[in-house]
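Novice: This is the structure, below, for whatever I ask next.
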Amino acid sequence: MPYTPSELSKPITVQTLRKMKEDGEKFITVALYDAPMAAMAQRTGVEAVLVGDSLGMTVLGYDSTIPVTMEQMIYHVEAVARGNKKSLIMGDMPFMTYATPEQALANATRIMQAGAHMVKIEGGAWLAETVKILTDRGIPVCAHLGLTPQSVHKLGGFRVQGRDEDTAGQILTDAAELDEAGADLLVLECVPAQLAKRITDSVSMPTIGIGAGRDTDAQVLVINDILGLTEKPPKFSKNFLVEAGDIPGALHKYAADVKNGIFPEDSHTFS
Ligand code: KIV
């Protein structure tokens with residue numbers, strides 16, 4: 002029977018998402034930034050919402066996520082937390098706010114106190130110690146590998162990562178080390194579908210793909226892309242508003258298409 006999205010009946014926890022991975026049930030994630038959208042996500046059954054530092058570009062008009070501050074993240078996490086009492090709320094930690102484990106602990110504390118249930122940090126094995134320190138102290142962590150936008154200047158642009166054997170091997174090793182350190186979720190952004198599948202099959206934490214094919218445990222899209230607000234939308238995204246006709250319908254269609262294995266299609270995927 003095709004899945005029809007409906008209001009979340011109870012709060013989603015890390016354990017809910019782990020169980021969904023075990024049961025092979027995909028979950029939905031949306032990056033969004035304000036209370037009304039957060040409330041709509043709850044009504045649509047979106048299991049996880051990400052207050053992404055993409056808000057630097059989607060809301061604040063910057064060219065990258067690098068200028069985003071703790072104060073801006075806290076402002077938006079608070080708004081999302083006011084609008085949604087059921088989805089698991091992840092808050093991004095801005096550029097250079099987790100460069101050392103001490104900074105990570107102090108700044109993650111502020112994001113959690115703003116209403117997040119988990120923090121997200123970008124980077125590989127160098128963050129294993131930080132993941133252990135945060136999770137040992139009760140702060141769930143979502144790791145982020147592949148295209149990590151805070152490193153855009155090191156990566157030489159917003160490019161697909163892991164296409165050659167060396168970088169694919171590095172991403173696999175990073176995922177294994179972050180899993181071992183206790184990370185709770187892993188975002189895989191702009192990596193070949195086959196690599197995302199290998200990682201998803203090899204780690205215990207659920208994976209959330211964006212431009213990572215259909216074999217991750219969950220999908221995430223940015224609300225601006227779902228609603229066709231982005232001037233030059235990325236290949237992996239889809240404007241669901243065109244077919245749906247209104248905003249609740251667009252979110253509903255995105256959720257249904259992910260759950261029913263319709264989105265992402267080959268045209269949204271990298272090889
Ligand atoms: O900041 C963000 O919205 C993100 C997603 C694109 C995964 O990191």
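Residue 236 in the working numbering sits at position 235 of the sequence shown, with consecutive numbering throughout.
The beta-carbon is built from N, C-alpha and C at its ideal position, and this holds for glycine as well.
At a cut-off of 7 Å, is Gly-53 close to ligand 1 when judged by its beta-carbon and the heavy atoms of the ligand?
Specialist: If you number the sequence shown from 1, residue 53 lands on position 52. Yes, the beta carbon of Gly-53 sits closer than 7 Å to at least one heavy atom of ligand 1.
Novice: Which term fits Arg-215, buried or exposed, when burial requires 16 or more other beta carbons within 10 angstroms of its beta carbon?
Specialist: Looking up residue 215 in the sequence shown gives position 214. By the 10 Å Cβ count, Arg-215 comes out buried.
Novice: Roughly how many angstroms lie between the CA atoms of Glu-190 and Asp-54, to the nearest whole one?
Specialist: Here residue 190 refers to the residue found at position 189 when the sequence shown is read from its first residue. Here residue 54 refers to the residue found at position 53 when the sequence shown is read from its first residue. If you take the alpha carbons of Glu-190 and Asp-54, they lie about 14 Å apart.
Novice: Who are Phe-28's beta bridge partners in DSSP?
Specialist: Here the question's residue 28 lines up with position 27 in the sequence shown. Paired residue(s): Ala-219.
Novice: Going by DSSP in three states, Gly-92 sits in which element: helix, strand or coil?
Specialist: Stepping through the sequence shown from its first residue, residue 92 is reached at position 91. Correct three-state label for Gly-92: strand.
Novice: Is Ala-251 near Leu-228, with beta carbons less than 8 Å apart?
Specialist: The residue given as residue 251 occupies position 250 in the sequence shown. The residue given as residue 228 occupies position 227 in the sequence shown. Going by C-beta atoms, Ala-251 is nearer than 8 Å to Leu-228.
Novice: Hey, how far is the Cα of Ile-263 from the Cα of Glu-103?
Specialist: For the purposes of this step, residue 263 is identified with residue 262 of the sequence shown, where counting begins at 1. For the purposes of this step, residue 103 is identified with residue 102 of the sequence shown, where counting begins at 1. Distance between the alpha carbons of Ile-263 and Glu-103: 43 Å.
Novice: Once you ignore the five residues that flank Ser-7 on each side, which residues in its own chain have a CB closer than 6 Å to its CB?
Specialist: For this step, residue 7 is matched to residue 6 along the sequence shown. Counting only Cβ-Cβ distances below 6 Å, and skipping sequence neighbours, we find Gly-46.
Novice: Report the residue from Glu-178, Gly-157, Pro-95 and Arg-83 whose alpha carbon sits nearest the alpha carbon of Glu-72.
Specialist: Here residue 72 refers to the residue found at position 71 of the sequence shown. Minimum Cα distance to Glu-72 is reached at Pro-95.
Novice: Can you give the Cα-Cα distance for Ser-272 and Asp-167, rounded to whole angstroms?
Specialist: Taking the sequence shown and counting its residues from 1, the one referred to as residue 272 is at position 271. Taking the sequence shown and counting its residues from 1, the one referred to as residue 167 is at position 166. Near 15 Å, if we compare the C-alpha coordinates of Asp-167 and Ser-272.
Novice: Do you know how far the Cα of Phe-28 is from the Cα of Thr-17?
Specialist: Start at 1 with the first residue of the sequence shown, and residue 17 comes out as number 16. Start at 1 with the first residue of the sequence shown, and residue 28 comes out as number 27. Between Thr-17 and Phe-28, the C-alpha separation is close to 10 Å.
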